[in-house]
Amino acid sequence: MKVLAIETSCDETAVSILQITGNFHVPKIKILSNIVASQVKIHAPWGGVVPNLAKREHQKNLPLIFKKALKEAYLSLKNPKIDLIAVTSGPGLEPALWVGINFAQELAKKYNKPLLAVNHLEGHIMSVLLRKPRKILFPALALVVSGGHTELVLFKKPLEYRVIGQTLDDAAGEAFDKVARLLGLGYPGGPVIAKEAEKFSGSERNIKLPRPMINSKDYNFSFSGLKTAVLYKIRDLKEMTPDLKIEMAAEFQQAVIDVLIKKTIRLAKEYGVKTIILGGGVVANKELRRQMEDAVKNLKHKPVFLMPEMEFTGDNAAMIALAAYFRAMERKTPHIAGQVGDSQNIVADSNLKLQTFNRWQNRLEILF
Ligand code: KG4
Ligand code: ZN
């Protein structure tokens, strides 16, 4: 099956085409093209993503990225020979999401192909399967950490999610972005804070920041207080020297990592999960990757640990194509071409939830 996917939920315009064979549990994936155009430079002066600017850039870039993706996959514009089109319908910035949805709907109509809406967070979870054939053993647990989300998700069987914990205020990536702004390090915050933190060579840090909710009984998170704590520390310091900035970045990064690891490991133990998955932009953080891997290795019941390759940590359309493939296979459709119908009803939903998505998705899947 060839799946073409479009992703425009935030500040990356992305199109990918995958050729997928094999069975539902261990699909064989060939990435025919995977194009990501980042708008980071456009949003950087504003210190964050500006929704209407994102929309304008997606509108400008998407047709070009689409053509490039077809070309890279050696498919012709006249007859792209795609079996299924997929598009992110949420969560994300509504004006940005609509650009992808409108474009996908036009394509589906023009080429008479079925169209499937995909939850962006499900895409991040699937991203661990893109490069290597890997098997998810159930029950599985996913920690999705991005600019908009921090969620601990449990699934006892494929594609049925239960969100066990989430952030009550800022997402982990958002905290990185805000703290980077406070430290005058630029945007996006994750990579610059990580780079700064790497320079810390001391054995102990004098700056101490809180680990919000680390011992709370639930699995929720809160990062807004951590950001405020950084703000107060900066205020209290007479002068922000380069060394203090490095120390602050290192301590902040470690505070986020400590909370993420503690809650993930506790949940993994409580439910005896057989697989732990990480997904989302914050998983580009090398310290998080290293420390989480160590923590999982120390678990007695030795769950499988899956992280996306660095190229798939941030937003991309390959993960959306893969999620769409699973959704289509779930229905065991013998043939899916030519049934467009309901797909024209897809709407952007900035708050789309993993849990509610199933029900809504089922309506769409009447197609299959
Ligand atoms: O998944 P993603 O690309 O977009 C959303 O769905 O939000 O995640 C973007 C987030 C940003 O907040 C960015 O600062 C963060 O991921 N990020 C990182 C790193 N690289 C990107 N956070 C921590 N360390 C990094 N190395
Ligand atoms: Zn994302």
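Numbering (the numbering used here), first residue to last: 2 to 369.
Glycine included, C-beta positions come from ideal geometry on N, C-alpha and C.
Would you say residue i touches ligand 1, meaning its beta carbon is less than 7 angstroms from a heavy atom?
| i | result |
| --- | --- |
| E175 | yes |
| N286 | yes |
| S223 | no |
| H59 | no |
| D259 | no |
| P213 | no |
| P115 | no |
| A322 | no |
If you draw a straight line from the alpha carbon of residue i to that of residue j, how long is it in whole angstroms?
| i | j | result |
| --- | --- | --- |
| N120 | L71 | 23 angstroms |
| N62 | C11 | 13 angstroms |
| P28 | H125 | 17 angstroms |
| E205 | L54 | 43 angstroms |
| A181 | R135 | 35 angstroms |
| G93 | P159 | 23 angstroms |
| G280 | A143 | 7 angstroms |
| E161 | G273 | 17 angstroms |
Considering only residues of the same chain and omitting the five flanking positions on each side of residue i, which have a CB-CB separation below 7 angstroms?
| i | result |
| --- | --- |
| K157 | F139 and P140 |
| L85 | M2, V4, K114, P115, L117, A325, A329 and I337 |
| T151 | Q167, T168, A172, A173 and F222 |
| G187 | A45, A181 and V193 |
| I235 | L183 and M241 |
On the criterion of 16 or more Cβ atoms from any shown chain inside 10 Å, does residue i qualify as buried, or is it exposed?
| i | result |
| --- | --- |
| L268 | buried |
| E294 | exposed |
| T22 | exposed |
| M311 | exposed |
| D178 | buried |
| T265 | buried |
| H26 | exposed |
| H302 | exposed |
| E107 | exposed |
Hey, does residue i have any beta-carbon neighbour from chain C nearer than 8 angstroms?
| i | result |
| --- | --- |
| Y272 | The chain labelled as chain C is not found in the depicted structure, where only one protein chain is given. |
Quick check on this structure: which residue in the options has the alpha carbon closest to the alpha carbon of residue i?
| i | options | result |
| --- | --- | --- |
| R163 | E123, V146 and L232 | E123 |
| K270 | Q167, V146, E8 and V297 | V297 |
| K133 | I247, A251, I32 and P304 | I32 |
| E13 | Y233, V260 and V100 | V100 |
Looking at ligand 2, does it come within less than 7 angstroms of residue i, judged from the CB to the closest heavy atom?
| i | result |
| --- | --- |
| T125 | The residue asked about is misnamed: residue 125 is His in this sequence, not Thr. H125 Cβ: within cutoff of ligand 2. |
| S17 | no |
| D84 | no |
| S147 | yes |
Can you name, in chain order, every residue of its own chain whose Cβ lies under 6 angstroms from the Cβ of residue i, other than the five neighbours on each side?
| i | result |
| --- | --- |
| D170 | S223 and S225 |
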